[in-house]
Amino acid sequence: MKSSKTLTIIVLVFTGFFLIGIIGKAVLTSGYKQSATNIAKELTSEQRFINIAQLHALITSGEQHLLIDVRDSTEYKKGRLPNAVNLPISELFSADYADIRESNISRKILYAASEADAVKALVMLMHEGYPNFIVLTGGYPIAQSSLIDTQNPSAWYSNDEKMRYNYKSLFKVGPSTEAPHVAADKVVDISNKPRGGC
Amino acid sequence: MGPLIPTGIVGMEWDLFFAFFIGIAFGYVLEQAGFSSSRKLAGVFYGYDFVVLRVFFTAAITAMTGLLLMNHLGMIDISLVYINPTFLWSAIVGGAIMGVGFILGGFCPGTSVTAAAIGKIDAWAFLLGIGIGILIFGEAFPMFEALYNGSSLGPILVFESLGISAGWFAFILIAVALAAFGITAAIEQKVNKENALEDAKGMSYVLPVTIALIVGVMLIFIPYERVTSIKELPKIEFNEVVMSGKHYITPDEVAYKLIYDYHPIVLVDVRDAADFAEFTLPGSINIPANQVTSRAWQTALSNKEQKVVLYSNGTVLAEKAWMMAVRLGYDNVYVLKGGLNGFFDNLTQNPKPKTYKMEAQSAYAFRERVRTIFKEGKADIATRKQATVPSVSPKSEVKVASRGGC
Numbered sequence: 720m721k722s723s724k725t726l727t728i729i730v731l732v733f734t735g736f737f738l739i740g741i742i743g744k745a746v747l748t749s750g751y752k753q754s755a756t757n758i759a760k761e762l763t764s765e766q767r768f769i770n771i772a773q774l775h776a777l778i779t780s781g782e783q784h785l786l787i788d789v790r791d792s793t794e795y796k797k798g799r800l801p802n803a804v805n806l807p808i809s810e811l812f813s814a815d816y817a818d819i820r821e822s823n824i825s826r827k828i829l830y831a832a833s834e835a836d837a838v839k840a841l842v843m844l845m846h847e848g849y850p851n852f853i854v855l856t857g858g859y860p861i862a863q864s865s866l867i868d869t870q871n872p873s874a875w876y877s878n879d880e881k882m883r884y885n886y887k888s889l890f891k892v893g894p895s896t897e898a899p900h901v902a903a904d905k906v907v908d909i910s911n912k913p914r915g916g917c
Numbered sequence: 486m487g488p489l490i491p492t493g494i495v496g497m498e499w500d501l502f503f504a505f506f507i508g509i510a511f512g513y514v515l516e517q518a519g520f521s522s523s524r525k526l527a528g529v530f531y532g533y534d535f536v537v538l539r540v541f542f543t544a545a546i547t548a549m550t551g552l553l554l555m556n557h558l559g560m561i562d563i564s565l566v567y568i569n570p571t572f573l574w575s576a577i578v579g580g581a582i583m584g585v586g587f588i589l590g591g592f593c594p595g596t597s598v599t600a601a602a603i604g605k606i607d608a609w610a611f612l613l614g615i616g617i618g619i620l621i622f623g624e625a626f627p628m629f630e631a632l633y634n635g636s637s638l639g640p641i642l643v644f645e646s647l648g649i650s651a652g653w654f655a656f657i658l659i660a661v662a663l664a665a666f667g668i669t670a671a672i673e674q675k676v677n678k679e680n681a682l683e684d685a686k687g688m689s690y691v692l693p694v695t696i697a698l699i700v701g702v703m704l705i706f707i708p709y710e711r712v713t714s715i716k717e718l719p720k721i722e723f724n725e726v727v728m729s730g731k732h733y734i735t736p737d738e739v740a741y742k743l744i745y746d747y748h749p750i751v752l753v754d755v756r757d758a759a760d761f762a763e764f765t766l767p768g769s770i771n772i773p774a775n776q777v778t779s780r781a782w783q784t785a786l787s788n789k790e791q792k793v794v795l796y797s798n799g800t801v802l803a804e805k806a807w808m809m810a811v812r813l814g815y816d817n818v819y820v821l822k823g824g825l826n827g828f829f830d831n832l833t834q835n836p837k838p839k840t841y842k843m844e845a846q847s848a849y850a851f852r853e854r855v856r857t858i859f860k861e862g863k864a865d866i867a868t869r870k871q872a873t874v875p876s877v878s879p880k881s882e883v884k885v886a887s888r889g890g891c
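In the order they appear, the protein sequences are chains A and B.
For the first sequence, the tail end lands on 917 under the working numbering, and the numbers increase by one without skipping.
For the second sequence, the tail end lands on 891 under the working numbering, and the numbers increase by one without skipping.
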């Protein structure tokens with residue numbers, strides 16, 4: 720039986736080219752489990768975050784959750800949120816803490832001295848593909864003082880990104896009205912006009 | 486041009502150079518495949534020759550496979566690929582006219598150019614007809630305008646409308662194409678009887694078909710998403726950089742930059758556009774945190790000469806943007822410690838240092854000066870900025886990269 724050699728060779732060359740590419744990509748990049756674009760999207764949405772008021776509701780309702788303190792063990796020993804377990808950020812992936820990392824509780828709430836530190840832990844865990852981790856906004860000191868010590872709801876919605884000053888009124892030089900605003904991409908938008916084709 | 490331009494091996498300006506040679510190769514292949522013969526082209530409709538259909542299917546699945554894989558490998562920027570918006574009524578009416586013209590004239594527009602190039606007189610007449618048709622359409626356009634723009638559906642994609650993934654759609658299309666090859670071959674055999682596929686008699690298609698199917702199955706498992714770059718920082722290095730905590734710029738340094746323009750810092754506001762419009766530090770550019778990974782900002786973020794300082798109202802949002810920037814390999818990106826809140830903390834309260842250490846004293850003196858400067862309002866700070874910004878303007882994108890045509 721005569722086989723279609725040329726065709727086979729062409730198909731094989733193309734397949735080989737892409738197989739090499741895929742293998743090369745797997746070797747060259749160090750295998751992040753989630754793309755940067757996806758993580759950026761999740762970090763800027765609400766879904767990965769819980770504020771102190773929501774945490775309070777969660778605790779009182781008795782729903783399943785796990786509080787994880789990612790500060791050092793010395794700080795953890797000095798004081799922590801009730802029922803929190805310790806997973807130091809420096810030993811995030813050590814075998815000793817595998818049970819915390821891999822527990823299949825649906826809400827694993829990370830907190831640290833600051834929200835930024837907890838976000839660091841979250842991103843590193845997301846890169847390894849661990850699911851169900853969320854971050855407590857505000858960080859430990861605010862949670863400790865407003866939730867545990869005083870039950871004072873004034874800080875329950877505390878948000879690091881809240882404006883604490885009226886910037887405009889304080890900053891006299893301000894941005895001049897013709898401040899150079901650089902457009903994101905100078906897209907020549909002609910998308911709503913049909914074009915081309917045969 | 487495929488893997489070369491998006492990965493930065495050659496510049497955008499080479500586009501036309503490659504287009505010229507690809508065009509020559511395209512014309513050659515089209516001619517060799519028999520697309521300059523109207524007998525061959527019309528054969529599809531009479532059932533004696535399906536070469537055209539096979540070529541179209543092959544082109545479609547090759548391009549599709551290539552796009553999906555190269556996008557996955559970061560060799561191509563799929564967001565630059567132009568997607569023709571769908572206008573339902575003009576597509577239906579135009580398709581009908583095109584079909585009639587195809588059978589009557591024996592060519593479709595692209596192939597008539599090929600045929601004209603090898604000197605077929607009917608093709609020249611066909612091209613002349615196309616010209617006249619375009620002229621008439623142009624002159625009478627107001628009559629057709631409602632139809633022309635009717636039922637606009639936007640740039641919709643089949644797999645999105647069906648609710649399946651791009652990979653599954655690719656697999657199904659490959660399977661359909663292979664089935665179509667088999668069926669058309671059978672039809673040809675029936676219609677022509679004696680000389681069907683003379684040169685391909687007794688050939689075995691088992692191997693190519695298997696490989697094509699394997700590629701199709703592979704595509705199912707390849708995620709369809711925009712890949713920004715393949716040169717990401719290795720995970721271990723990323724963790725080290727993130728944990729080291731050496732990425733903070735103090736509010737003092739930013740104040741220094743605002744007063745003395747020559748200080749090598751580029752300010753980047755990562756809040757959303759509304760906040761940016763409300764207030765921003767003079768000379769800042771706006772890159773919302775969720776767009777840091779967009780290729781549009783590659784030039785701005787990969788600034789080697791000046792520190793790129795991200796800031797938001799607090800620290801957290803800028804920190805998030807910074808982490809993704811680090812992951813994408815931008816190594817000169819920093820975060821304003823405390824954000825705008827921290828910056829204004831410094832402006833509004835400046836406790837007198839209790840020690841007489843030189844450092845503390847001079848920091849105190851500097852902040853006092855900054856305070857008076859910003860309180861009085863030095864107009865020249867705002868006006869001076871314009872000069873610096875164009876150097877960090879993001880890569881401009883022109884969304885007309887590739888367009889239809891046959």
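Where a beta carbon is used, it is the ideal one built from N, C-alpha and C, also for glycine.
Under 8 Å between C-beta atoms, does residue i make it to chain B?
i, result
"A/H784", "no"
"A/Q775", "It should be pointed out that residue 775 of chain A corresponds to His in this sequence rather than to Gln. By this cut-off, A/H775 is not an interface position."
"A/L762", "yes"
"A/V838", "yes"
"A/T734", "yes"
"A/P894", "Low per-residue confidence applies at A/P894: pLDDT is 45, beneath 50, and the placement is therefore not dependable, though the value from the model is reported in the following sentence. Yes, A/P894 counts as interfacial toward chain B."
Are the C-beta atoms of residue i and some chain A residue less than 8 Å apart?
i, result
"B/T669", "no"
"B/S797", "yes"
"B/M628", "no"
"B/F859", "yes"
"B/V794", "no"
"B/I621", "no"
"B/E717", "yes"
"B/I696", "yes"
"B/T778", "yes"
"B/L647", "no"
"B/M549", "no"
"B/M892", "Because chain B in this structure spans residues 486 to 891, residue 892 of chain B falls outside the shown range and cannot be described."
List, in chain order, every chain A residue whose beta-carbon is nearer than 7 Å to that of residue i.
i, result
"B/P430", "In the structure as shown, chain B starts at 486 and stops at 891, and residue 430 of chain B therefore has no counterpart that could be examined."
What residues of chain B sit near residue i, judged by a beta carbon separation below 9 Å?
i, result
"A/F852", "What A/F852 touches in chain B: nothing, since even the nearest Cβ is about 15 Å away."
"A/D791", "Going along chain B, no residue has its Cβ under 9 Å from A/D791, so there is no contact; the nearest lies around 12 Å."
"A/K797", "Going along chain B, no residue has its Cβ under 9 Å from A/K797, so there is no contact; the nearest lies around 21 Å."
Under 8 Å between the Cβ atoms of residue i and residue j?
i, j, result
"B/P767", "A/V730", "no"
"B/K805", "B/A774", "yes"
"B/F761", "A/F890", "no"
"B/F626", "B/F611", "no"
"A/M882", "B/N798", "yes"
"B/A697", "B/I649", "no"
When you compare only the Cα positions, how much space is there between residue i and residue j?
i, j, result
"B/A608", "B/W574", "29 Å"
"B/S779", "B/H732", "21 Å"
"B/A510", "B/M549", "19 Å"
"A/P801", "A/F812", "24 Å"
"B/G512", "B/L526", "16 Å"
"A/K927", "A/V854", "In the structure as shown, chain A starts at 720 and stops at 917, and residue 927 of chain A therefore has no counterpart that could be examined."
"B/D500", "B/L538", "30 Å"
"B/A867", "A/L738", "Residue placement at B/A867 is flagged as unreliable, the pLDDT there being 48, under the threshold of 50; the coordinate-derived value follows with that caveat. Each residue's Cα considered, the two are about 54 Å apart."
"A/N770", "B/L642", "39 Å"
"A/R820", "B/F505", "56 Å"
"B/V661", "A/A817", "47 Å"
"A/T856", "A/I808", "17 Å"
"B/S787", "B/D816", "7 Å"
"B/Y533", "B/V540", "15 Å"
Can you tell which of the options has its C-alpha closest to the C-alpha of residue i?
i, options, result
"A/A840", "A/T869, A/I819, A/V804 and A/V789", "A/V789"
"B/S521", "B/F535, B/F654 and B/S597", "B/S597"
"A/F736", "B/Y567, B/Y513, B/L501 and B/M555", "B/M555"
"B/I707", "B/A655, B/A845 and B/F622", "B/A655"
"B/W782", "B/A810, B/D757, B/T800 and B/K792", "B/A810"
"A/P850", "A/V842, A/G857 and A/T725", "A/V842"
"B/F622", "B/G639, B/G595 and B/I582", "B/I582"
"A/K827", "A/T734, A/I741, A/Q783 and A/A874", "A/Q783"
"B/I705", "B/L589, B/T840, B/M808 and B/L553", "B/L553"
"A/G750", "B/P719, B/P836, B/Y747 and B/I744", "B/P719"
For a contact defined as C-beta to C-beta under 8 Å, what are the partners of residue i on chain A?
i, result
"B/T833", "Y884 and L889"
Please list the partners that residue i has in chain A, where partner means a Cβ-to-Cβ separation under 9 Å.
i, result
"B/R812", "Y751, A755, I758, V842 and H846"
Give the residues of chain B in contact with residue i, contact being defined as C-beta atoms less than 8 Å apart.
i, result
"A/A835", "T800, V801 and E804"
Taking Cβ-Cβ distances shorter than 7 Å, what residues in chain B pair up with residue i?
i, result
"A/D879", "G799, T800 and V801"
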